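Q:
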Ligand SMILES: CC(C)(COP(=O)(O)OP(=O)(O)OC[C@H]1O[C@@H](n2cnc3c(N)ncnc32)[C@H](O)[C@@H]1OP(=O)(O)O)[C@@H](O)C(=O)NCCC(=O)NCCS
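In the numbering used here, the protein residues as written are -13 to 300.
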């Protein structure tokens, strides 16, 4: 007899969930608003895939699952999980994962991915500093299926003003940078989906619709966090913050015909300046693909390494 009860996550549980996550998951920011955005406002949110564990009216554990979505190019699996310290090694996480994996399998999902699952995510893989979580996932049959890294930028030390560089780009190449507005939604979606829907140097697999979802998510924020480059009326690059994960930069990309002109550097600095304007001292580049580019342009430093973990479901 376990002595705890499971129930689906409800909006009213978010304050308790945020304090549990803040206590148990040390390297990420948590608040009820962040959890609402990442979990409940994920277009594929399903309460049945988000079980919480309670003992005597106290929240002792949670796991947040998400179904696969082919249209938005997202994997199904578990994107966040935590168990209160004093309740560990009693099988709480095992039961929460059993719930999610059984439901995913019953719906025909062939695999469960940790933790780069769903549309609104927290990490782009399991940060290896979460040692217990890594041990737990391996014991459950998850194996390494890829990796990634985050990089930190010292926003106070880096010069992020782009006025002179933007003037030179406009004068020399007819390229203009600007912050987009909600009215640009359809145009941005079409551009990003088309331009990045094939394997590019930025990613090993097509990510056009996933990136279109993220780029346009930046238009819903106030002010919008999406910056683009344009030449002759055609979009040619973008950078966005606070959509792939809270307080993070990315994705960003520049079309092949505009590469090598400094457009990527200018977009990167504009987007980082947004983070600085919000009072952040450190800007995190989420899932830094071309790490040498970030190291050279804004002295970015590797700050976390992730494993993407996968378990086949039967
Ligand atoms: C990972 C975590 C959720 C596990 O919760 P839990 O309820 O203690 O897990 P369970 O009791 O179901 O563990 C099942 C099995 O996983 C493995 N396991 C779990 N914790 C482990 C640890 N600290 N070391 C080694 N193996 C571990 C064991 O095989 C365990 O079986 P056993 O206890 O019979 O040996 C918990 O340690 C935690 O909340 N960590 C912090 C949150 C976190 O890092 N989340 C990742 C970011 S999303």
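Even glycine gets a Cβ: it sits at the ideal position worked out from N, Cα and C.
Computed from a predicted structure; not experimentally measured.
Under the rule that 16 or more other beta-carbon atoms within 10 Å means buried, what is residue 60, buried or exposed?
A: buried
Q: Would you please verify whether the beta carbon of residue 125 is less than 8 Å from any beta carbon of chain C?
A: No chain C is part of this structure, which consists of one protein chain only.
Q: Cβ atoms of residue 72 and residue -12: under 8 Å apart, would you say?
A: no
Q: Could you check what DSSP says for residue 113 in three-state terms: helix, strand or coil?
A: strand
Q: Under three-state DSSP, which class holds residue 12?
A: Assigned with DSSP and collapsed to three states, residue 12 falls in coil, not helix or strand.
Q: Where the beta carbon is closer than 6 Å to any heavy atom of ligand 1, which residues qualify, in chain order?
A: 10, 11, 66, 67, 68, 69, 74, 75, 76, 77, 78, 79, 80, 101, 116, 118, 119, 121, 122 and 125
Q: So is residue 113 buried or exposed if we call it buried at 16+ other beta carbons inside 10 Å?
A: buried
Q: Classify residue 289 as helix, strand or coil using the three-state DSSP reduction.
A: strand
Q: Who pairs with residue 98 in a beta bridge, going by DSSP?
A: 297
Q: Helix, strand or coil for residue 63, going by three-state DSSP, please let me know.
A: strand
Q: Pull up the distance between the alpha-carbon of residue 14 and that of residue 244, whole angstroms please.
A: 35 Å
Q: Just the Cα atoms here: how many angstroms apart are residue 131 and residue 39?
A: Rounded to the nearest whole angstrom, the C-alpha separation of residue 131 and residue 39 is 29 Å.
Q: Distance check for residue 32 and residue 120, CA to CA, integer angstroms please.
A: 25 Å
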